[in-house]
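Step one of this worksheet: look at the structure below.
Residue numbers (the working numbering): 4 to 335.
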């Protein structure tokens, strides 16, 4: 995807995210097996069952395409809010549409993003169902006739359990895409996050909304970027807790650097972006967010790592200001 196309894509994405309640309603349909997408009785257990059948369908495609499975990484997820699970499900759906386009040449109609403090399992189920339908579109295009039946999940399933399954599904789907996510994609998410953090810091007199860019460090890898992103997500969690909001706890356990891909970094960068965009949506009449700018050269993991230094400086300030002003998110 060239830079001009990416900018157009981002412009549409930002418009969707910042219209506060994006209104492409979830259709009341049943995607194959499972419940209606609008059944009010849908629970996290139903969502996880749908995620698991989607992963089973991805496994059929992986074998059909002769693609090796992704290397295992151990990610710990706790205390996930439905909004966080929802947005990662939206990332999954976006990738599934991209995969369908890759095999059919026809773009699929995507759901609009629902940005609200009252996200429910119904909303998440609808997005996962859209992703599942795109995966099945690819199966039909490849004449894969095997069908995986949808099972049931433990009634005690939590939003964290669902998010954990979606994280794995995203990694499995990454392996099937002909064009992998790159440092440019991650840079775009980080640059946009910086622009959101700038608007957040503008709420506090005496802040430095645009810190100096730290020195460039050579030979950074996607693993270095991923680890720093996880650290920054913990900083975002501190901001959330200081502001009276909840946020998930995300940790990487022992992970081999060779098992980390640029796509892994992209997925976590999307989560960072989503949290900062959510904070922004709670402000009263903030200035609009600028589009990111791109350097005129090939982007390396080291460039992403450098920009994360800017975001880190912003979050350090934001944490301190939030602790002193816990009611700063006024539109709650």
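C-beta: ideal position from N, C-alpha, C; glycine also.
Measure the Cβ-Cβ separation of residue i and residue j and say whether it is below 8 Å.
i, j, result
"residue 286", "residue 332", "yes"
"residue 150", "residue 50", "no"
"residue 52", "residue 156", "yes"
"residue 245", "residue 152", "no"
"residue 56", "residue 135", "yes"
"residue 95", "residue 172", "yes"
"residue 165", "residue 47", "yes"
"residue 220", "residue 309", "yes"
"residue 89", "residue 45", "no"
"residue 64", "residue 179", "yes"
"residue 258", "residue 59", "no"
"residue 104", "residue 176", "no"
"residue 91", "residue 170", "yes"
"residue 168", "residue 54", "yes"
Out of the options, point me to the one whose CA is closest to residue i's CA.
i, options, result
"residue 86", "129, 153, 121 and 317", "121"
"residue 235", "218, 222 and 275", "275"
"residue 106", "259, 267, 137 and 213", "137"
"residue 79", "310, 264 and 254", "254"
"residue 317", "93, 134 and 238", "238"
"residue 73", "166, 64, 263 and 309", "263"
"residue 296", "256, 188 and 330", "188"
"residue 260", "216, 209, 224 and 210", "224"
"residue 2", "123, 68, 67 and 97", "The requested residue 2 does not occur in the structure, where the chain is confined to residues 4 to 335."
"residue 281", "195, 147 and 66", "195"
"residue 147", "67, 217 and 108", "67"
"residue 272", "330, 243, 222 and 226", "226"
"residue 243", "330, 108 and 102", "330"
Tell me, please, which residues DSSP counts as bridged to residue i.
i, result
"residue 255", "78"
Which same chain residues end up closer than 7 Å to residue i when comparing Cβ atoms and leaving out the 5 residues on each side of it in sequence?
i, result
"residue 10", "Caution is warranted here: a pLDDT of 47 is assigned to residue 10, below 50, making its placement in the model unreliable, and no coordinate value can be reported."
"residue 101", "180"
"residue 214", "313, 316 and 317"
Here's a check: name, in chain order, each residue in its chain whose Cβ is nearer than 8 Å to the Cβ of residue i, leaving out the five neighbours to either side.
i, result
"residue 283", "21, 199, 202, 203, 289 and 292"
"residue 328", "207"
"residue 205", "212, 289 and 290"
"residue 311", "193, 228, 231, 232 and 235"
"residue 306", "186, 190, 219 and 298"
"residue 158", "46 and 48"
"residue 216", "309, 310, 312 and 313"
"residue 222", "305"
"residue 256", "77, 78 and 79"
"residue 247", "329, 330, 332 and 335"
"residue 75", "262"
Under 6 Å Cβ to Cβ from residue i, same chain only, skipping five residues before and after it: list those, please.
i, result
"residue 82", "251 and 252"
"residue 35", "Because residue 35 carries a pLDDT of 49, less than 50, the predicted location of this residue cannot be relied on, and the following value inherits that uncertainty. Taken in chain order, the list of residues that qualify is empty."
"residue 249", "84"
"residue 99", "134, 137 and 138"
"residue 160", "47, 48 and 51"
"residue 241", "322"
"residue 174", "73"
"residue 154", "52"
"residue 277", "90"
"residue 109", "none"
At a Cβ threshold of 8 Å, is residue i touching chain D?
i, result
"residue 167", "In summary, chain D is missing from the structure at hand, where a single protein chain is found."
query = Are at least three pairs of beta-carbons, each pair with one atom in the region 136 to 153 and one in the region 224 to 238, less than 8 Å apart?
reply = Verdict: no, contact absent.
query = Is the number of C-beta pairs between the region 196 to 203 and the region 308 to 325 that are closer than 8 Å three or more?
reply = Yes: at least three Cβ pairs fall under 8 Å.
ask   = Between the region 175 to 191 and the region 262 to 272, do at least 3 Cβ pairs fall closer than 8 Å?
value = The region 262 to 272 and the region 175 to 191 touch, with three or more beta-carbon pairs separated by less than 8 Å.
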